[in-house]
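For the sequence shown, the positions run 3 to 566 when the numbering used here is used. Cβ atoms here follow ideal geometry from the backbone N, Cα and C, with glycine treated the same way. Read through the structure below, which is laid out as structure tokens, and then see the notes.
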Amino acid sequence: MAAAELTAHALIAQHRPTLDQALEAIRTRAYWSPHPEHPKAYGENGSLDMTAGKAAFDAVLNTRLDLGQPGTDDWVGGEVSPYGLELGVTYPHPDVDELLPAMKAGQRAWRDAGPEVRAVVCLEILKRISDRTHEFAHAVMHTSGQAFMMAFQAGGPHAQDRGLEAVAYAYAEQVRTPGTAEWSKPQGKRDPLTLTKSFAPVPRGIALLIGCNTFPTWNGYPGLFASLATGNAVLVKPHPRAVLPLALTVGVARDVLAAAGFDPNLVALAAERPGEGVAKTLATRPEIRIVDYTGSTAFGDWLEANARQAQVYTEKAGVNTVIVHSTANYKGMLSNLAFSLSLYSGQMCTTPQNLLIPRDGIRTEEGPKNYDEVVADLARSVDGLLGDDARANALLGAIVNPDVKARLEAAAGLGEVALASREVSNPEFPDAVVRTPVIVKLDGAKPDDEAAYMSECFGPVSFAVAVDSAADAVALLRRTVREKGAMTVGAYTTEGEVEAAIQEVCLEEAAQLSLNLTGGVYVNQTAAFSDFHGSGGNPAANAALTDGAFVANRFRVVEVRREA
Numbered sequence: 003m004a005a006a007e008l009t010a011h012a013l014i015a016q017h018r019p020t021l022d023q024a025l026e027a028i029r030t031r032a033y034w035s036p037h038p039e040h041p042k043a044y045g046e047n048g049s050l051d052m053t054a055g056k057a058a059f060d061a062v063l064n065t066r067l068d069l070g071q072p073g074t075d076d077w078v079g080g081e082v083s084p085y086g087l088e089l090g091v092t093y094p095h096p097d098v099d100e101l102l103p104a105m106k107a108g109q110r111a112w113r114d115a116g117p118e119v120r121a122v123v124c125l126e127i128l129k130r131i132s133d134r135t136h137e138f139a140h141a142v143m144h145t146s147g148q149a150f151m152m153a154f155q156a157g158g159p160h161a162q163d164r165g166l167e168a169v170a171y172a173y174a175e176q177v178r179t180p181g182t183a184e185w186s187k188p189q190g191k192r193d194p195l196t197l198t199k200s201f202a203p204v205p206r207g208i209a210l211l212i213g214c215n216t217f218p219t220w221n222g223y224p225g226l227f228a229s230l231a232t233g234n235a236v237l238v239k240p241h242p243r244a245v246l247p248l249a250l251t252v253g254v255a256r257d258v259l260a261a262a263g264f265d266p267n268l269v270a271l272a273a274e275r276p277g278e279g280v281a282k283t284l285a286t287r288p289e290i291r292i293v294d295y296t297g298s299t300a301f302g303d304w305l306e307a308n309a310r311q312a313q314v315y316t317e318k319a320g321v322n323t324v325i326v327h328s329t330a331n332y333k334g335m336l337s338n339l340a341f342s343l344s345l346y347s348g349q350m351c352t353t354p355q356n357l358l359i360p361r362d363g364i365r366t367e368e369g370p371k372n373y374d375e376v377v378a379d380l381a382r383s384v385d386g387l388l389g390d391d392a393r394a395n396a397l398l399g400a401i402v403n404p405d406v407k408a409r410l411e412a413a414a415g416l417g418e419v420a421l422a423s424r425e426v427s428n429p430e431f432p433d434a435v436v437r438t439p440v441i442v443k444l445d446g447a448k449p450d451d452e453a454a455y456m457s458e459c460f461g462p463v464s465f466a467v468a469v470d471s472a473a474d475a476v477a478l479l480r481r482t483v484r485e486k487g488a489m490t491v492g493a494y495t496t497e498g499e500v501e502a503a504i505q506e507v508c509l510e511e512a513a514q515l516s517l518n519l520t521g522g523v524y525v526n527q528t529a530a531f532s533d534f535h536g537s538g539g540n541p542a543a544n545a546a547l548t549d550g551a552f553v554a555n556r557f558r559v560v561e562v563r564r565e566a
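Structure follows, in structure tokens:
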């Protein structure tokens with residue numbers, strides 16, 4: 003669609019059907035996605051195919067990404083891919099005293115456009131991002147360390163789905179209240195009291211999106227589009243190691259806003275100098291009224307305590323737990339767990355960390371298996387999955403930063419190693435740090451082991467924790483979720499009573515539960531429009547991606563009353 007055609011009418015005609023399908027999807031929770039997952043689906047109707055997408059990414063390297071935003075006082079960069087490539091891209095560094103007033107200036111027209119126009123403008127942004135999925139995939143790969151196919155899917159269509167999901171929830175919440183109402187109150191023999199009332203959703207102000215290193219688009223798009231669709235300007239502050247995917251996103255958003263007749267400064271980038279720590283400064287500015295954050299618990303807690311002027315949405319960290327009690331598909335269980343532990347080197351906030359296994363063993367369709375057998379068989383399953391280096395590279399990606407590598411290396415000293423991590427060479431990227439997972443055996447009855455399994459160890463590290471019984475496993479699960487939080491909980495059991503006990507803990511402690519997964523769905527994956535990512539009800543996160551609560555407090559409804 004040419005810039006001259008970006009009228010409200012044209013955008014509604016093009017994107018309203020997609021919005022309606024998204025609204026139906028969040029109502030039914032059934033599978034739906036308008037964004038193709040397969041790389042070969044791109045290359046027509048203006049979208050970039052694999053070759054053009056790679057060329058577009060290469061063309062950005064070693065350039066200055068000028069977004070045309072006001073208040074630029076410097077150019078900053080320095081991203082180095084986990085695969086060893088120096089990106090060489092520089093970005094505008096803002097003088098926020100100039101940039102923030104410029105962002106606020108366009109909010110009135112954006113507010114007055116109304117929920118539907120805002121929604122379809124957001125969908126046009128997502129459509130243009132989707133057309134460049136191959137380009138964005140390389141940007142995500144070389145900032146997060148994800149393998150290409152995961153960067154393509156999670157950083158592309160899955161992230162776009164989450165953004166669209168946020169737009170759908172935002173639209174639904176804003177139109178829940180009618181625009182106008184005629185009010186008449188009977189007064190007996192006297193004339194009734196009559197008023198004409200109008201109701202307008204109004205934005206809170208400027209939203210600050212604090213991006214993460216591992217999933218810059220997947221974790222960033224829900225907050226970005228939820229705030230934008232509810233009328234707020236959005237300042238995007240990427241992780242210093244993962245600027246490019248969100249900077250490209252900001253560029254697309256600014257182009258679409260300008261073409262649709264709105265102020266492009268409604269979306270802007272705040273890149274930072276090394277060690278500047280600008281997130282703290284921005285998060286406490288009075289102009290910032292919403293904060294979205296994904297990252298460490300320590301900084302998430304700081305934001306919740308100190309950004310008092312803002313509505314703060316955090317996804318922090320937790321200790322994800324799987325109870326292994328019994329199974330009717332032993333090999334399927336092992337295969338499913340092995341994949342879950344290996345995917346992206348365990349660098350997902352949903353990856354299982356603690357596997358609670360009764361020390362007397364579990365029942366399977368193959369007969370009883372004791373604790374040592376279960377752990378050894380799981381180690382062999384991971385080894386089998388990652389035995390071929392080409393397959394291992396495609397699943398593991400690269401270690402995202404030195405801190406993860408240090409935790410991985412230290413984990414071997416915490417207990418008996420059931421599966422040692424090994425180095426995997428990547429012929430295409432010799433400088434990539436690629437490591438297979440480590441599995442460490444710990445005893446849930448030993449106080450010395452508790453410090454390890456009750457702390458988050460982000461990365462390819464898992465603990466096989468021996469417990470006395472199913473009841474002890476359930477009790478430890480409850481304590482872990484209550485004290486440390488969990489983005490995901492998994493369980494394997496063939497007993498109804500045990501399943502009911504685990505489910506009750508997850509209902510009471512607000513943790514998302516996956517039961518008896520043995521096929522191609524994994525505990526650390528969630529599907530937009532159907533699955534909730536986090537619950538907002540335990541210490542791992544104060545919000546869920548994505549639900550009504552995630553969007554409803556990004557705007558308020560203001561009423562104007564007139565006598566009829």
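Cβ-based burial, residue i [other Cβ within 10 Å; buried from 16]
{"i": "K129", "result": "buried"}
{"i": "L246", "result": "buried"}
{"i": "V559", "result": "exposed"}
{"i": "L226", "result": "buried"}
{"i": "F567", "result": "Because the chain in this structure spans residues 3 to 566, residue 567 falls outside the shown range and cannot be described."}
{"i": "H40", "result": "exposed"}
{"i": "D22", "result": "exposed"}
{"i": "E501", "result": "buried"}
{"i": "A5", "result": "Confidence at A5 is low in this model, with a pLDDT of 44, below 50, so its placement is unreliable and the value that follows should be read with caution. With fewer than 16 Cβ atoms within 10 Å of its Cβ, A5 is classed as exposed."}
{"i": "T296", "result": "buried"}
{"i": "A27", "result": "buried"}
{"i": "T352", "result": "buried"}
{"i": "E511", "result": "buried"}
is_contact[residue i, chain B] using C-beta, thresh 7 Å
{"i": "G461", "result": "Absent from the structure is chain B; it holds one protein chain and no more."}
C-beta atoms of residue i and residue j nearer than 7 Å
{"i": "L67", "j": "V91", "result": "yes"}
{"i": "Y455", "j": "V463", "result": "no"}
{"i": "L102", "j": "E289", "result": "yes"}
{"i": "L358", "j": "A513", "result": "no"}
{"i": "E119", "j": "A24", "result": "According to the sequence provided, residue 119 is Val. The question's Glu does not apply to it. Taking 7 Å as the Cβ cut-off, V119 and A24 do not qualify as a contacting pair."}
{"i": "S229", "j": "V236", "result": "yes"}
{"i": "A244", "j": "N221", "result": "no"}
{"i": "P188", "j": "P194", "result": "yes"}
{"i": "L398", "j": "V436", "result": "yes"}
{"i": "T251", "j": "L125", "result": "no"}
{"i": "A161", "j": "Y223", "result": "yes"}
{"i": "Q176", "j": "P117", "result": "yes"}
{"i": "P159", "j": "H327", "result": "no"}
{"i": "I14", "j": "V123", "result": "no"}
{"i": "V525", "j": "S537", "result": "no"}
{"i": "E1", "j": "G86", "result": "The structure shown does not extend to residue 1, since the chain is modelled only from 3 to 566, so the question has no answer here."}
{"i": "F465", "j": "V442", "result": "yes"}
{"i": "P84", "j": "V402", "result": "yes"}
{"i": "T548", "j": "A168", "result": "yes"}
Supposed close pair residue i, residue j - CB separation, criterion 8 Å
{"i": "A545", "j": "Y315", "result": "4 Å"}
{"i": "A434", "j": "L387", "result": "Not really, about 19 Å apart at Cβ, beyond 8 Å."}
{"i": "T520", "j": "N331", "result": "4 Å"}
{"i": "Y44", "j": "A273", "result": "About 28 Å separates the two Cβ atoms, so there is no contact after all."}
{"i": "Q349", "j": "F460", "result": "7 Å"}
{"i": "A172", "j": "A231", "result": "4 Å"}
{"i": "M143", "j": "A156", "result": "The pair is not a contact, with the Cβ atoms about 10 Å apart (cut-off 8 Å)."}
{"i": "S298", "j": "K318", "result": "7 Å"}
{"i": "A422", "j": "V406", "result": "The Cβ separation is near 17 Å, so there is no contact."}
{"i": "Q313", "j": "R291", "result": "7 Å"}
{"i": "L8", "j": "A261", "result": "4 Å"}
{"i": "T182", "j": "A566", "result": "Not really, about 12 Å apart at Cβ, beyond 8 Å."}
Suppose only complete runs of 3+ residues qualify. What are the beta strand (DSSP E) ranges in the stretch 278-317, listed by chain order? The beta strand (DSSP E) runs of length 3 or more contained entirely in the stretch 278-317 are, from start to end of the chain, 290-296 and 313-317.
Taking only runs that begin and end inside the stretch 418-465, name each unbroken beta strand (DSSP E) of 3 or more residues, in chain order. Listed in chain order, the complete beta strand (DSSP E) runs (minimum 3 residues) inside the stretch 418-465 are 418-421 and 440-445.
Pair every Cβ in the stretch 383-396 with every Cβ in the stretch 361-374, then say whether three or more of these pairs are closer than 8 Å. With the cut-off at 8 Å, the stretch 383-396 and the stretch 361-374 do not touch.
Which runs of the beta strand (DSSP E) at least 3 residues long sit entirely within the stretch 157-230? Give them in chain order. Every beta strand (DSSP E) stretch that sits fully inside the stretch 157-230 and reaches 3 residues is listed by chain position as 182-189, 192-205 and 208-212.
Contact the stretch 487-499 vs the stretch 316-325: 3+ CB pairs below 8 Å: Three or more pairs of CB atoms, one per stretch, sit closer than 8 Å, so the stretch 487-499 contacts the stretch 316-325.
Across the stretch 197-212 and the stretch 127-142, are there enough close Cβ pairs to call them in contact, namely three or more that are closer than 8 Å? The stretch 197-212, when compared against the stretch 127-142, does not touch it at the 8 Å Cβ threshold.
Segments assigned beta strand (DSSP E), at least 3 residues, entirely inside the stretch 66-121: Unbroken beta strand (DSSP E) stretches of 3 residues or longer found wholly inside the stretch 66-121: 74-79 and 92-96, given in chain order.
Do the stretch 505-520 and the stretch 255-272 touch if we need at least three Cβ pairs shorter than 8 Å? Result no; under three Cβ-Cβ pairs closer than 8 Å.
Could you say if the stretch 97-114 and the stretch 73-82 meet the contact criterion of at least three C-beta pairs nearer than 8 Å? With the cut-off at 8 Å, the stretch 97-114 and the stretch 73-82 touch.
For the structure I just gave you, are there three or more beta carbon pairs, one from the stretch 148-155 and one from the stretch 196-203, closer than 8 Å? In short, these stretches do not touch, since the Cβ pair count stays below three.
Could you check whether the stretch 27-38 touches the stretch 529-544, counting it as contact only if at least three pairs of C-beta atoms, one from each stretch, sit closer than 8 Å? Under the 8 Å Cβ criterion, the stretch 27-38 counts as touching the stretch 529-544, having at least three qualifying pairs.
Which runs of the alpha helix (DSSP H) at least 4 residues long sit entirely within the stretch 361-420? Give them in chain order. Fully enclosed alpha helix (DSSP H) runs of 4 or longer: 373-388, 391-398 and 404-413.
Minimum length 3: unbroken beta strand (DSSP E) runs contained in the stretch 470-543: Listed in chain order, they are 491-494 and 515-517.
Let me know the beta strand (DSSP E) ranges lying completely inside the stretch 232-274, each 3 residues or longer, listed in chain order. Counting whole runs of 3 or more residues, the stretch 232-274 contains the beta strand (DSSP E) stretches 235-239 and 269-271.
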